[in-house]
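Beneath this line is the structure, given in structure tokens, with notes to follow.
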Amino acid sequence: MRILAVDGALARASAAVWADGMVLAQAAQDGARGQATALPPMVARVLAEAGLAATELDAVAAVVGPGGFTGLRAALALAQGLALAIGRPAIGVTTGEALAAALPAALRGSHAVWSVIDTRRGRVLLERIAAGASAAAAPPEPFELEALPLPDQPVALVGDAAEAAAASLLARGATVHLTESWLPQAGAAAAVAALRASGELSPRAALPLYVEPPAVRQPPGA
Numbered sequence: 001m002r003i004l005a006v007d008g009a010l011a012r013a014s015a016a017v018w019a020d021g022m023v024l025a026q027a028a029q030d031g032a033r034g035q036a037t038a039l040p041p042m043v044a045r046v047l048a049e050a051g052l053a054a055t056e057l058d059a060v061a062a063v064v065g066p067g068g069f070t071g072l073r074a075a076l077a078l079a080q081g082l083a084l085a086i087g088r089p090a091i092g093v094t095t096g097e098a099l100a101a102a103l104p105a106a107l108r109g110s111h112a113v114w115s116v117i118d119t120r121r122g123r124v125l126l127e128r129i130a131a132g133a134s135a136a137a138a139p140p141e142p143f144e145l146e147a148l149p150l151p152d153q154p155v156a157l158v159g160d161a162a163e164a165a166a167a168s169l170l171a172r173g174a175t176v177h178l179t180e181s182w183l184p185q186a187g188a189a190a191a192v193a194a195l196r197a198s199g200e201l202s203p204r205a206a207l208p209l210y211v212e213p214p215a216v217r218q219p220p221g222a
């Protein structure tokens, strides 16, 4: 199984080629903007480093969200266009799934994983993955930071709001493990996509996952 994965959901653009359980090539560029221009040359670079033509891929994957509107659309458009051009499936991976997949297997086996993403509107989006699982059983939910539910077991926190969530939950007596998986990695997303391609996880299309409607400013006078 050979998979190209791309991500632009949060403050990083990344691309990776994954094959038979390992990342063959990967590239990343941090920054809250610029995914649309950064991703296409990254894809060309990782394919060249992996020694593969696009037509040799078995699937193309993209992180579908939650995340920023522009970065998500850039990554998804690229993944969908390439998949269509080579006649391969386009597979979606949530932000939480990608973040969780980057953690050590032992930690994922002993802790539930909570992905906490900052909406930049005073709320966070919580995606919960059970211990030992690779995908969430339910869609992400919006919460005020101070209103995050208390976990009934130790949880590992991932996502760009993980540090703030850890402080809030610890202050209320929760047992949490703050990880360093704050931004998705395309290589980890590809590993989740491989589970979907093999039928081990439920299918997910490469379509944007919006928990809240995108913030839109009307032009003056509208």
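Residue numbering for the sequence shown follows the UniProt record's numbering, starting at 1 and increasing by one per position.
Idealized CB from N, CA, C, for every residue including glycine.
As the structure is a prediction and not an experimental result, all values here were calculated from the model.
Coarse secondary structure for residue i, derived from DSSP in three states
i    : result
S198 : coil
R12  : strand
A190 : helix
T179 : coil
L157 : strand
L39  : helix
L125 : strand
Q185 : coil
V211 : coil
V216 : Unreliable placement is indicated for V216, whose pLDDT of 46 sits below 50; the coordinate value is still reported in the next sentence. V216 falls in the coil class under three-state DSSP.
C-beta atoms of residue i and residue j nearer than 8 Å
i    : j    : result
T95  : E212 : no
P208 : R73  : yes
G187 : A54  : no
L99  : P184 : yes
A112 : S202 : no
A48  : V6   : no
A189 : V93  : yes
A193 : A61  : yes
Length of the line joining the Cα atoms of residue i and residue j
i    : j    : result
P149 : A138 : 15 Å
A205 : I91  : 5 Å
E127 : W114 : 6 Å
P40  : A13  : 10 Å
L170 : L125 : 18 Å
Q153 : S110 : 10 Å
T175 : A131 : 14 Å
V216 : E163 : Caution is warranted here: a pLDDT of 46 is assigned to V216, below 50, making its placement in the model unreliable, and no coordinate value can be reported.
S168 : L10  : 22 Å
D20  : V64  : 23 Å
Option in the options with minimal Cα separation from residue i
i    : options               : result
A102 : R88, M1, S181, Q35    : S181
M1   : L52, T175, F69        : L52
G173 : Y210, E146, G159      : E146
G122 : A191, A50, R196, A165 : A165
A161 : T179, T175, P151      : T179
L24  : I3, Q80, A133, G81    : I3
V46  : F69, W18, E144, P142  : W18
G8   : A156, D20, A193, L78  : L78
A191 : E97, E56, E144        : E97
Residue i, buried or exposed, once every other Cβ within 10 Å from all chains shown has been counted against 16
i    : result
G67  : buried
G87  : exposed
M42  : buried
T37  : exposed
P140 : buried
G81  : exposed
L57  : buried
Proximity test, residue i beta-carbon vs the ligand COA heavy atom, cut-off 7 Å
i   : result
F69 : Of the ligands one can find in the structure shown there are none, so the ligand COA has no counterpart to examine.
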